[in-house]
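For the sequence shown, the numbering used here begins at 14 and goes up steadily by one.
Okay, so here's the structure we're looking at.
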Amino acid sequence: MKIDINYIARVEGESSVKLEIEEGKLKELRLNIWGPPRFFEGFLVGRKFDEVPDIVARICGICPVSHMTTAIRAMENAFGLTPSTEVKRIRKILALSQILSSHLAHLYVLALPDFFRLNSIVEMLPHFDKEIKRFLRLKEAANSITALFGGRALHPVSMVVGGFTKVPSKADIEKAVKELESLHGDALETLKMASELKCPALENNAEFVALTGKGEYAINEGMISSTKGLNIKEHEYASYFIEDEVPYSNAKRTIIKDRGSLMAGALSRINLGFDNLLPDAKKASETVGFKGGTNPFLNNLAQAVEIVHALQECAILLRGLSLKDYFADFKVREGAGSAVTEAP
Numbered sequence: 014m015k016i017d018i019n020y021i022a023r024v025e026g027e028s029s030v031k032l033e034i035e036e037g038k039l040k041e042l043r044l045n046i047w048g049p050p051r052f053f054e055g056f057l058v059g060r061k062f063d064e065v066p067d068i069v070a071r072i073c074g075i076c077p078v079s080h081m082t083t084a085i086r087a088m089e090n091a092f093g094l095t096p097s098t099e100v101k102r103i104r105k106i107l108a109l110s111q112i113l114s115s116h117l118a119h120l121y122v123l124a125l126p127d128f129f130r131l132n133s134i135v136e137m138l139p140h141f142d143k144e145i146k147r148f149l150r151l152k153e154a155a156n157s158i159t160a161l162f163g164g165r166a167l168h169p170v171s172m173v174v175g176g177f178t179k180v181p182s183k184a185d186i187e188k189a190v191k192e193l194e195s196l197h198g199d200a201l202e203t204l205k206m207a208s209e210l211k212c213p214a215l216e217n218n219a220e221f222v223a224l225t226g227k228g229e230y231a232i233n234e235g236m237i238s239s240t241k242g243l244n245i246k247e248h249e250y251a252s253y254f255i256e257d258e259v260p261y262s263n264a265k266r267t268i269i270k271d272r273g274s275l276m277a278g279a280l281s282r283i284n285l286g287f288d289n290l291l292p293d294a295k296k297a298s299e300t301v302g303f304k305g306g307t308n309p310f311l312n313n314l315a316q317a318v319e320i321v322h323a324l325q326e327c328a329i330l331l332r333g334l335s336l337k338d339y340f341a342d343f344k345v346r347e348g349a350g351s352a353v354t355e356a357p
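Next up, the structure:
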């Protein structure tokens, strides 16, 4: 039996899938991401260093913060610049706000309709009024945090090499903290909802890869680790990972040298960093009986756990800001630098 789905709906991108089943076993599976090549690497050749963050942000409308942070950190490493603790905190706040925004959109808009056999979130409106309003409250809060520090919710403009061009007032930060704290119940309800979704039973033998850090749920920096023993520094990435092309897809494929396929994202982060979740998020996850797993459908549940964690960590980091040392002068020099960050 052959199945050819020429367009996969409600995913972040454009793709199709072909599979062939013979005697009840999967013989062939091909995922074709057929969006046109973007050539961003080519765009960057010959550009000034301070143009790079704004260019790479356009790689994705969902995760511009990740692309900007990675590029900025790589250039800082090349310049021998170590950003202040304040800058690192603000960058993590931005990254967490992006994770919140992306996870919420995926869970409520892209994934949830499938579980109730509905065509879209529009068809959910008459039956899931409470859930949609919860989604909008959380999404608005996530966007407001990104805009507060980034200058706008989409493609931030204030994050630069060395730090930030501007930071918000204490009054704005206090307002943001109160809003985030008021939404803790909504985050827990989102986790409860995700835990009640019935997922197909499926085991995934891929290697789960994520950043890990001592005593923190790593997002913007750390060791590149895996569930099969990988533990390397970010500048060693090219020695362990291969990005190659396949004839049936326009997107590159990443594998681990001599080891095969990998999985990144929320489930990988939970599998490798569960013990570093904030206590409330960890307890909430344990309450619904989730500590990670290999079933890729559990990624929805992992995202819900990260929503609880990210909402609370944003508030904690906001309270700890001094609004000082948010930019460091540096000298531009020739060099090479590497950086790895987590995207939602």
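For each residue, glycine too, the CB sits at the ideal point set by N, CA and C.
Treat the numbers as computed from the prediction; the structure is a model and nothing was measured.
- Under DSSP, A223 forms a beta bridge with S238.
- Boundaries of the alpha helix (DSSP H) around S79: P77 to F92.
- Between Y253 and K270, the beta carbon gap of about 6 Å places them in contact (Cβ cut-off 8 Å).
- L107 has its alpha-carbon roughly 13 Å from the corresponding atom of I75.
- Between M172 and P66 the beta-carbon gap is near 7 Å, inside 8 Å, which marks them as a contact.
- In this structure, the CA atom of A118 is about 29 Å from the CA atom of S182.
- For T267, the enclosing beta strand (DSSP E) stretches over residues R266 to I269.
- Note that the stretch 329-348 touches the stretch 86-102; at least 3 beta-carbon pairs, one per stretch, sit closer than 8 Å.
- In this model, L336 and S79 are separated by some 22 Å (Cα to Cα).
- L120 and L210 have their C-alpha atoms spaced approximately 11 Å apart.
- Going by beta carbons, P126 and S115 fall outside the 8 Å limit.
- In the structure shown, R60 falls within a coil segment according to DSSP collapsed to helix, strand and coil.
- With a cutoff of 8 Å on beta-carbon distance, R150 and L224 are scored as not near each other.
- Taking a cut-off of 8 Å on C-beta distances, the stretch 304-314 touches the stretch 271-285, as three or more cross pairs fall below it.
- For L44, no alpha helix (DSSP H) run applies; the uninterrupted beta strand (DSSP E) run containing it begins and ends at K38 to I46, by DSSP.
- Rounded to the nearest whole angstrom, the C-alpha separation of A349 and I85 is 12 Å.
- For I112, the three-state secondary structure derived from DSSP is helix.
- Note: E256 is bridge-paired with T267 in the DSSP secondary-structure output.
- Residue state for S28 is assigned as strand, using DSSP reduced to three classes.
- Under the Cβ criterion (8 Å, minimum of three pairs), the stretch 247-267 counts as touching the stretch 43-56.
- When secondary structure is reduced to three states using DSSP, M14 falls in the coil class, being assigned neither helix nor strand.
- Boundaries of the alpha helix (DSSP H) harbouring H197: H197 to S208, taken from the DSSP string.
- Residue range N312 to R332 is occupied by the alpha helix (DSSP H) that includes E326.
- Sequence-distant partners of V122 (beyond 5 residues in either direction) whose C-beta falls short of 7 Å from its own C-beta, in its chain, are I134.
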